[in-house]
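Asks: The sequence shown begins at 2 in the numbering used here and counts up one residue at a time.
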Amino acid sequence: MLRDVVGAFLDTVTEREFDAPLLALLAARGFTDVHFLHGAFEFGKDVIAKGPKPLHGDVGSGDPASWTLHQFALQSKAGDMGAPGWREVRPQLDEARLDGLGHPAFDVNLPRAGVLVVTGRLKGAASTQAQSYREQELRWGRPDFEIWDRERLLEWLIEAPEVGLAGISDGPMLSLAGAIDDGTVTLSALERHSRSWLPPVQDTLTAATTPRQEVTARQRRAAVEAAVLVNGLRRYGRLDLASMTALMLLRASWCHALNAAASTDPIPRPEQAAAAIRLFVGCASELLDQVEPVAADPRALLARTVGSPLGHVLYPVACARLVEILGLLGLLTGNTSGPCGRNDLLPPPDRVYDTVATLLRYQPGCSHPIADSFAVSLIAPTLLVAGRDASVARTFLERTAVWIADRYDGTRSGIGLAATGADPRAEIDQLLGGPYEHGPQRRPGSYLATVVTDLATLVPGDDSFYQDVINEFLAVDIFAQLRIADEHRAQWRPDGAGVRFITQVPYRDSAGSMEPVSAHHDNVSQPVSPWDAVALASVVRDRHVVPALRAALTESLAGPSDVSESA
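1) Can you check DSSP and say which residues form a bridge with S447?
2) Can you round the beta-carbon distance between V35 and A50 to whole angstroms, since I take them to be within the 8 Å contact cut?
3) Please report the residue range of the beta strand (DSSP E) in which P573 lies.
4) Going by DSSP in three states, G115 sits in which element: helix, strand or coil?
5) Kindly indicate which three-state DSSP category E89 falls into: helix, strand or coil?
6) Can you give the Cα-Cα distance for P461 and H489, rounded to whole angstroms?
7) Give me whichever residues DSSP pairs with H36 in a beta bridge.
8) Ordered along the chain, which non-local residues of its own chain (more than five positions away) have a Cβ less than 6 Å from that of W493?
9) Taking DSSP as the reference, what is the three-state secondary structure of H71?
10) Measuring CB to CB, does V357 end up less than 7 Å from G331?
11) Which word fits V109, buried or exposed, when buried means at least 16 other C-beta atoms lie within 10 angstroms of its C-beta?
12) Could you check how far apart the C-beta atoms of A376 and Y448 are, in whole angstroms? I think they sit under 8 Å.
13) Going by alpha carbons, who is nearest to T451 out of P317, G52, V403, Q505?
14) So does the segment 513-531 actually touch the segment 544-554, counting three or more Cβ pairs closer than 8 Å?
15) Skipping 5 residues on each side, what residues in its chain have a beta carbon closer than 7 Å to that of H104?
16) Could you pull the DSSP bridge partners for D145 from this structure?
17) Go ahead and label L177 buried or exposed: buried means 16 or more other beta carbons lie within 10 angstroms of its beta carbon, across all protein chains shown.
18) Exposed or buried, what is S374 when buried is set at 16 or more other beta-carbons lying within 10 Å of its beta-carbon?
19) Between A520, L379, G411, E287, which lies nearest to F474 when the distance is taken from Cα to Cα?
20) Let me make sure I understand the geometry here. Which of G499, Y134, D12 has the alpha-carbon closest to that of T205?
21) In or out: R270 buried (at least 16 other Cβ within 10 Å) or exposed?
22) Note the first and the last residue of the continuous alpha helix (DSSP H) segment covering R4.
23) Under a three-way DSSP split, which group does I405 fall into?
24) In whole angstroms, what is the alpha-carbon distance linking P561 and A419?
25) CB-CB under 6 Å to V518, same chain, minus the five flanking residues each way: which ones, in chain order?
26) With L384 and L554 assumed to form a contact (beta carbons below 8 Å), what rounded beta-carbon distance in angstroms separates them?
27) What does the Cβ neighbour count give for R222, buried or exposed, with the cut at 16 atoms within 10 Å?
28) Measuring straight from C-alpha to C-alpha, what distance separates A520 and E16?
29) Taking 7 Å as the threshold (C-beta atoms), are P144 and R213 in contact?
30) Distance, Cα to Cα, G80 vs G238?
31) Have a look at L111, G83, W141, G172 and flag the residue whose alpha-carbon is nearest the alpha-carbon of A131.
32) Using 7 Å as the limit for Cβ to Cβ distance, is S67 near chain D?
33) Count the other C-beta atoms from every protein chain shown that fall within 10 angstroms of the C-beta of R113, then say buried if there are 16 or more, exposed otherwise.
34) In chain order, what residues of the same chain lie with their CB nearer than 6 Å to the CB of V386, ignoring the 5 residues before and after it?
35) Around the C-beta of N232, are 16 or more other C-beta atoms found within 10 angstroms, so that it is buried, or is it exposed?
36) Can you tell me whether Q527 is helix, strand or coil according to DSSP?
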């Protein structure tokens with residue numbers, strides 16, 4: 002699952018940028034007495050270290066009982082290496098293994114081993130020449146030599162992706178890793194940190210003054226940090242947050258690609274975006290395995306996901322996240338634009354659909370969003386089930402609309418639900434509070450109402466359902482609210498540049514005419530593919546694009562097909 006993300010790091014890292022991760026990797030693999038020597042007097046040795054290996058075999062091969070302590074000398078190179086590169090590095094390998102100079106810690110009395118570390122692959126004749134060189138050295142009784150290429154480094158980094166952060170990690174990342182360890186990490190904290198992965202906004206002073214290498218470093222850091230965070234979240238059982246972190250990497254990948262293209266036209270999906278989606282698929286598929294057995298049993302789901310005295314609040318939160326993530330996974334299984342790149346990674350479409358539909362039918366928490374921040378949680382599951390059984394989607398939206406209206410009904414002491422971006426304490430206060438002098442005050446605006454109304458126009462069927470939803474919200478004086486942005490500038494950030502806030506979205510009385518029911522339903526060109534647009538709405542959480550939702554529903558209706566990296 003982490004292979005694509007960590008592989009992207011290896012494919013873009015430079016030789017000197019890999020120095021710190023290499024030292025950390027050696028420590029993680031049990032090497033000791035590690036020293037970095039690169040410079041004018043390195044004598045062919047970028048790094049020296051001591052570690053066990055067979056007398057005639059690669060590190061980690063054979064019976065560990067037969068391993069002996071060796072003095073290693075490593076020469077590191079970035080990228081692929083052809084025959085010319087091999088001929089250039091071979092004298093350095095001779096010097097590294099045969100010369101005892103370089104550092105006082107280099108033990109000339111231990112058996113020696115030379116290592117060529119290559120973040121890419123040996124290409125063409127280089128592979129054959131390297132094999133011939135090793136056999137020749139063994140025949141002559143000289144110190145052993147082996148190659149750590151991209152595939153070996155990739156396997157080791159997947160086992161401990163955090164070593165890739167060596168030399169580039171910072172305080173906020175370490176704090177976030179600590180929050181994962183002690184179970185206090187939140188979705189908002191992850192999203193705020195992931196903004197550091199984004200490039201500067203185009204045509205701004207920051208963009209003009211930020212060195213290109215810094216922008217590239219952000220993109221590379223995004224891949225490694227996402228791998229580390231996902232790995233930690235999975236280890237501590239937070240597959241929901243791991244899935245969302247993969248979508249944050251998707252945001253970073255698209256923003257870097259759009260900046261590099263310097264165009265407002267749609268562009269093909271970048272490879273890093275496809276890798277981020279595959280990372281999401283891995284996490285979401287694991288979540289599917291856990292949720293499927295309890296999808297029809299509210300008590301079992303409550304016990305498995307919450308198990309807390311605040312279950313009456315946390316249960317609907319858990320339901321919202323589950324149907325949101327699994328809904329996105331389900332839309333992927335029927336997506337024709339190829340966001341994943343590999344069909345074999347996706348679970349069977351029927352299995353995902355059945356689980357999501359069961360959750361919507363039997364888990365009341367799915368239709369009880371506690372705040373506007375969970376409005377986007379309604380989108381993916383509704384689009385998924387609407388593509389197969391519109392009645393399930395309508396029933397789900399009807400229950401949700403009634404729940405929202407009840408929260409705003411002044412005759413029932415309703416004071417509304419918290420706005421997007423509110424902290425959890427404010428969301429709970431608004432949900433459980435009443436119209437008291439010193440408590441939270443009534444809030445008439447609702448992004449939830451906007452999402453439900455927009456989805457009501459997309460679900461197949463007659464116009465009466467849309468009219469019922471409109472009337473339900475008008476009866477309790479709810480103002481549908483929405484944010485609109487040019488994502489080339491806003492970058493799917495809650496605090497993005499140029500975001501416009503519409504305090505009261507006007508809707509037509511009927512959805513039966515050819516005219517859009519509201520201005521934000523007009524067809525406009527989107528920089529990303531439909532599924533990506535729906536997924537990125539789950540990252541920013543305060544806005545969505547109706548034409549993209551309509552296109553995602555159309556793709557879902559088309560059924561699964563072979564997937565590629567085209568947008």
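We put the beta carbon where it would ideally sit given N, CA and C, even for glycine.
Replies: This is what the structure holds:
1) What you label residue 447 is simply residue 446 of the sequence shown in a count that begins at 1. Residue pairing by DSSP puts S447 in a beta bridge opposite A481.
2) As a position in the sequence shown, residue 35 is number 34, starting the count at 1. As a position in the sequence shown, residue 50 is number 49, starting the count at 1. Right, the Cβ-Cβ distance comes to about 4 Å (below 8 Å), so this counts as a contact.
3) Residue 573 is absent from the structure shown; the chain starts at 2 and stops at 568.
4) Position 114 of the sequence shown, counted from the first residue, corresponds to residue 115. G115 falls in the strand class under three-state DSSP.
5) Taking the sequence shown and counting its residues from 1, the one referred to as residue 89 is at position 88. Three-state result, E89: helix.
6) As a working note, residue 461 is residue 460 in the sequence shown. As a working note, residue 489 is residue 488 in the sequence shown. Their Cα atoms are separated by approximately 32 Å.
7) Working through the sequence shown from its first residue, we reach residue 36 at position 35. Bridge partners of H36: I49.
8) The sequence position of residue 493 within the sequence shown is 492, counting from 1. R252, L537, V540, V541.
9) Walking along the sequence shown from the start, residue 71 turns up at place 70. In the structure shown, H71 sits in a strand (DSSP, three-state: E or B).
10) Here the question's residue 357 lines up with position 356 in the sequence shown. Here the question's residue 331 lines up with position 330 in the sequence shown. Contact: yes.
11) As a first step, residue 109 must be located in the sequence shown, where it is residue number 108. V109 should be labelled exposed.
12) As a position in the sequence shown, residue 376 is number 375, starting the count at 1. As a position in the sequence shown, residue 448 is number 447, starting the count at 1. With 8 Å as the limit, A376 and Y448 qualify as a contact, their Cβ atoms being about 5 Å apart.
13) Taking the first residue of the sequence shown as position 1, residue 451 is located at position 450. Out of P317, G52, V403, Q505, Q505 has the C-alpha closest to the C-alpha of T451.
14) Contact between the segment 513-531 and the segment 544-554 is present, because at least three Cβ pairs lie under 8 Å.
15) For the purposes of this step, residue 104 is identified with residue 103 of the sequence shown, where counting begins at 1. For H104, where only same-chain residues beyond five positions count, the Cβ hits under 7 Å are H36, L38, I49.
16) Within the sequence shown, residue 145 is the residue found at index 144, counting from 1. Looking at the DSSP assignment, D145 forms a beta bridge with A114.
17) Your numbering for residue 177 matches position 176 in the sequence shown. With 16 or more other CB atoms across the displayed protein chains lying within 10 angstroms of its CB, L177 is buried.
18) Walking along the sequence shown from the start, residue 374 turns up at place 373. Around the beta carbon of S374, 16 or more other beta carbons lie within 10 angstroms, which makes this residue buried.
19) For this step, residue 474 is matched to residue 473 along the sequence shown. Looking only at A520, L379, G411, E287, the smallest Cα-Cα distance to F474 is reached by G411.
20) By 1-based counting over the sequence shown, the position of residue 205 is 204. The alpha carbon of T205 has as its nearest neighbour, out of G499, Y134, D12, the alpha carbon of G499.
21) Start at 1 with the first residue of the sequence shown, and residue 270 comes out as number 269. Under the 10 Å beta carbon count, R270 is surrounded by 16 or more other beta carbons and is classified as buried.
22) As a first step, residue 4 is located in the sequence shown; it is residue number 3 there, counting from the start. For R4, the uninterrupted alpha helix (DSSP H) segment begins and ends at 4-13.
23) Here the question's residue 405 lines up with position 404 in the sequence shown. In the three-state reduction of the DSSP assignment, I405 falls in the helix class, which pools H, G and I.
24) Within the sequence shown, the letter at position 560 stands for residue 561. Within the sequence shown, the letter at position 418 stands for residue 419. The predicted model places P561 with a pLDDT of 48, which falls under 50 and marks its position as unreliable; any figure quoted below should be read in that light. C-alpha separation (whole angstroms): 38 Å.
25) If you number the sequence shown from 1, residue 518 lands on position 517. Excluding positions up to five away in sequence, the list reads T458, Y508, R509, A512.
26) Numbered from its first residue, the sequence shown carries residue 384 at position 383. Numbered from its first residue, the sequence shown carries residue 554 at position 553. About 5 Å separates the two Cβ atoms, so the contact holds.
27) In the sequence shown, the residue the question calls residue 222 occupies position 221. Buried is the call here.
28) Here residue 520 corresponds to residue number 519 of the sequence shown, with the count starting at 1. Here residue 16 corresponds to residue number 15 of the sequence shown, with the count starting at 1. Approximately 52 Å between the Cα atoms of the pair.
29) Looking up residue 213 in the sequence shown gives position 212. Looking up residue 144 in the sequence shown gives position 143. The answer is no: Cβ separation not under 7 Å.
30) Residue numbering aside, residue 80 sits at position 79 when the sequence shown is read from its first letter. Residue numbering aside, residue 238 sits at position 237 when the sequence shown is read from its first letter. Near 36 Å, if we compare the C-alpha coordinates of G238 and G80.
31) On the sequence shown, position 130 is the one that residue 131 refers to. Among L111, G83, W141, G172, the Cα nearest to that of A131 is on G83.
32) Of the protein chains in this structure there is only one, and it is not chain D.
33) As a first step, residue 113 must be located in the sequence shown, where it is residue number 112. Its Cβ being crowded by 16 or more others within 10 Å, R113 is buried.
34) Counted from its first residue, the sequence shown places residue 386 at position 385. These residues qualify, in order along the chain: A358, V393, A394.
35) On the sequence shown, residue 232 is found 231 positions in, with the first residue counted as 1. Burial call: buried.
36) Position 526 of the sequence shown holds residue 527. Reduced to three states, the DSSP call for Q527 is coil.
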